[in-house]
Amino acid sequence: MRSHLLNDTTAERYRRSVTEGIERVAAKLATTDRPFTGVTVDALAPRIERIDLDRPLHDTSAVLDELEEVYLRDAIYFHHPRYLAHLNCPVVIPAVLGEAVLSAVNSSLDTWDQSAGGTLIERRLIDWTNERIGLGPAADGVFTSGGSQSNLQALLLAREEAKPGSEPGDNAAKLRIFTSEVSHFSVKKSAKLLGLGADSVVSIPVDQDKRMQTLALAHELERCERDGLVPMAVVATAGTTDFGSIDPLPEIAELCARFGAWMHVDAAYGCGLLTSLKNRGRLDGIERADSVTVDYHKSFFQPVSSSAVLVRDAATLRHATYHAEYLNPRRMVQERIPNQVDKSLQTTRRFDALKLWMTLRVMGADGIGELFDEVCDLAQEGWQLLVADPRFDVVVEPSLSTLVFRFIPAAVTDPAEIDRANLYARKALFASGDAVVAGTKVGGRHYLKFTLLNPETTADDIAAVLGLIAGHAEQYLGESLDRAS
Numbered sequence: 384m385r386s387h388l389l390n391d392t393t394a395e396r397y398r399r400s401v402t403e404g405i406e407r408v409a410a411k412l413a414t415t416d417r418p419f420t421g422v423t424v425d426a427l428a429p430r431i432e433r434i435d436l437d438r439p440l441h442d443t444s445a446v447l448d449e450l451e452e453v454y455l456r457d458a459i460y461f462h463h464p465r466y467l468a469h470l471n472c473p474v475v476i477p478a479v480l481g482e483a484v485l486s487a488v489n490s491s492l493d494t495w496d497q498s499a500g501g502t503l504i505e506r507r508l509i510d511w512t513n514e515r516i517g518l519g520p521a522a523d524g525v526f527t528s529g530g531s532q533s534n535l536q537a538l539l540l541a542r543e544e545a546k547p548g549s550e551p552g553d554n555a556a557k558l559r560i561f562t563s564e565v566s567h568f569s570v571k572k573s574a575k576l577l578g579l580g581a582d583s584v585v586s587i588p589v590d591q592d593k594r595m596q597t598l599a600l601a602h603e604l605e606r607c608e609r610d611g612l613v614p615m616a617v618v619a620t621a622g623t624t625d626f627g628s629i630d631p632l633p634e635i636a637e638l639c640a641r642f643g644a645w646m647h648v649d650a651a652y653g654c655g656l657l658t659s660l661k662n663r664g665r666l667d668g669i670e671r672a673d674s675v676t677v678d679y680h681k682s683f684f685q686p687v688s689s690s691a692v693l694v695r696d697a698a699t700l701r702h703a704t705y706h707a708e709y710l711n712p713r714r715m716v717q718e719r720i721p722n723q724v725d726k727s728l729q730t731t732r733r734f735d736a737l738k739l740w741m742t743l744r745v746m747g748a749d750g751i752g753e754l755f756d757e758v759c760d761l762a763q764e765g766w767q768l769l770v771a772d773p774r775f776d777v778v779v780e781p782s783l784s785t786l787v788f789r790f791i792p793a794a795v796t797d798p799a800e801i802d803r804a805n806l807y808a809r810k811a812l813f814a815s816g817d818a819v820v821a822g823t824k825v826g827g828r829h830y831l832k833f834t835l836l837n838p839e840t841t842a843d844d845i846a847a848v849l850g851l852i853a854g855h856a857e858q859y860l861g862e863s864l865d866r867a868s
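Oh and the sequence shown: position 54 is 437 in the working numbering, straight run, nothing missing.
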């Protein structure tokens with residue numbers, strides 16, 4: 384079995400095995416003509432269940448053949464131009480190369496003696512991102528597994544910085560987090576994980592563009608002050624998951640300064656604007672944040688996972704620090720040994736930063752920005768198509784690359800029936816494999832959603848998918864009328 388260990392004696396076997404795997408994937412990518420096969424759970428599950436994991440095949444080619452049957456054939460391929468559903472991006476080749484390198488070397492980014500140059504590369508990328516945001520010379524941060532973890536860590540720091548009252552038992556009950564009604568669910572989830580009460584998260588209404596209403600935020604902050612509570616944090620969103628909307632960051636920053644609240648910006652989606660030459664201004668005000676979430680695996684076209692939490696004041700990261708004698712004893716701080724575990728909620732951690740490093744060194748930041756600008760421009764084209772099409776109701780003009788809409792039949796007025804038609808259209812489209820779209824609720828009604836992150840998608844693709852949606856919805860409504868009669 385030692386022949387399977389990757390080392391100096393098996394380098395050639397490694398080369399052959401990985402090359403064969405890459406060739407299989409490349410062939411699949413080259414021949415994929417739709418984002419999904421439409422396979423059902425009931426059809427796929429038995430294929431996987433009948434595999435006896437205690438009886439290995441002992442042959443790489445045979446295992447790859449099996450993998451084709453249970454995974455590659457029916458995977459959902461985000462690179463296809465008619466994958467329009469969630470915040471999943473097609474990935475750039477330099478990042479995939481970085482993934483191959485980091486997996487083979489297998490550095491762990493918790494301590495210097497497990498990573499060496501990897502530690503310094505991650506730190507340089509944190510500095511680069513902070514420079515792009517404009518957080519200042521004392522800024523720092525660390526890579527994370529994704530936006531939810533970044534938001535959790537940011538709110539942990541905010542909680543510790545708030546320090547209300549003198550009695551520990553009273554502290555949690557006094558803390559309040561303010562965020563828009565369309566912000567990411569991880570804000571509420573983080574509050575629960577941090578031991579805060581269910582009423583600790585105050586939902587702020589949004590305007591017609593799905594942006595936080597700063598007047599309503601000001602009223603809630605004033606109420607918090609009157610009630611003797613502590614405004615622990617305001618979470619502004621730069622790119623909401625459902626709408627791509629960007630909260631008014633400068634006005635929110637002013638309110639945070641006035642009421643002494645930690646300002647966190649969840650820019651997991653909108654962070655791609657940091658590399659845009661023409662749309663960077665949409666993030667104005669982010670430089671005033673105390674912490675920022677970025678997901679490179681969304682609008683930087685990186686493979687999952689690649690994310691970070693950034694902070695204005697490096698000293699606040701001490702709230703995530705724990706020293707273990709076997710790993711990062713306190714003396715290492717005095718010896719100036721850089722251990723990233725001192726900043727992280729994770730211990731063992733992949734060298735995900737290498738993917739972004741490779742991307743910047745091959746493509747440059749402007750190259751990333753051009754790709755993100757393309758999908759934002761495409762969303763505007765899609766918006767125009769929807770506005771001009773009487774079959775559809777579109778919710779809001781896109782700030783980034785998301786469109787939320789629903790099919791509105793001319794002859795049907797029952798909102799519940801229209802809901803069912805849209806739900807059916809989404810499910811039927813997914814089952815066909817011709818395209819994949821997402822769904823959400825707006826005002827209690829079912830809507831469909833395009834999240835455009837593929838520069839290869841065209842306005843013609845959008846028009847074609849809209850036609851498919853309308854066709855499926857009309858088929859459902861026709862069958863529904865037949866059943867009723």
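Backbone N, C-alpha and C fix where the C-beta goes; we use that ideal spot for every residue, glycine too. Keep in mind it's a predicted model, so treat the numbers as computed, not measured.
A contact is defined here as three or more CB-CB pairs under 8 Å, and the segment 709-723 fails this definition with respect to the segment 657-665. At a Cβ-Cβ threshold of 7 Å, residue 659 and residue 530 do not count as neighbours. Following the DSSP letters along the chain, one finds residue 715 inside the alpha helix (DSSP H) bounded by residues 714-717. When secondary structure is reduced to three states using DSSP, residue 730 falls in the coil class, being assigned neither helix nor strand.
If you draw a straight line from the Cα of residue 461 to the Cα of residue 833, it comes to about 13 Å.
In the three-state DSSP reduction, residue 461 falls in the coil class, being neither helix nor strand. Under DSSP, residue 678 forms a beta bridge with 690. Residue 781 carries a coil assignment under DSSP once its states are collapsed to helix, strand and coil. Contact between residue 439 and residue 627 fails: their C-beta atoms lie close to 46 Å from each other, not under 8 Å. For residue 587, the enclosing beta strand (DSSP E) starts and ends at 584-587. Taking 7 Å as the cut-off, the beta carbon of residue 827 is found no closer than this to the beta carbon of residue 692. Distance between residue 702 and residue 772, taken at the CA atoms: about 53 Å. Counting along the chain, no alpha helix (DSSP H) covers residue 702, and no H or E run does either.
For the 7 Å CB-CB criterion, residue 536 and residue 710 do not form a contact. Note: residue 766 is not bridge-paired with any residue in the DSSP secondary-structure output. By the Cβ neighbour-count rule, residue 418 is buried, with 16 or more other Cβ atoms within 10 Å of its own. Here DSSP, grouped into helix, strand and coil, assigns residue 825 to strand.
A check of alpha carbon separations from residue 515 across 668, 644, 388 identifies 668 as the nearest. When beta bridges are read from the DSSP output, residue 621 appears opposite 629. Residue 668 carries a coil assignment under DSSP once its states are collapsed to helix, strand and coil. Under DSSP, residue 563 takes part in a beta bridge, and its partners are 587.
Approximately 16 Å separates the beta-carbon atoms of residue 588 and residue 605; this is outside 8 Å, ruling out the contact. In the structure shown, the three-state DSSP call for residue 501 is helix. Across the structure, residue 423 and residue 811 are spaced so that their CA atoms are roughly 12 Å apart. Looking at 614, 635, 576, 573, the one whose alpha-carbon comes closest to that of residue 595 is 635. Residue pairing by DSSP places residue 645 opposite 616 in a beta bridge. With a cut-off of 8 Å on Cβ pairs, the segment 814-827 is not in contact with the segment 608-621, counting fewer than three such pairs.
Secondary structure at residue 755: helix, using DSSP grouped into helix, strand and coil. Look at the beta carbons and you see the segment 721-740 touching the segment 485-499: at least three pairs across the two are nearer than 8 Å. Burial check for residue 770: the Cβ neighbour count within 10 Å stays below 16, so the residue is exposed.
In summary, residue 426 is exposed, with fewer than 16 beta-carbon neighbours lying within 10 Å of its beta-carbon over all protein chains present. Cβ-Cβ separation between residue 638 and residue 600: approximately 6 Å, consistent with a contact (criterion under 8 Å).
An exposed status is given to residue 519, since fewer than 16 other beta-carbon atoms sit within 10 Å of its beta-carbon. If you ignore the 5 residues before and after residue 678, its C-beta comes within less than 6 Å of the C-beta of 530, 651, 690, all in its own chain and listed in chain order. When the alpha-carbon of residue 517 is set against those of 724, 686, 674, the nearest one is in 674. Its Cα nearest to that of residue 400, the residue 447 stands out among 413, 447, 625.
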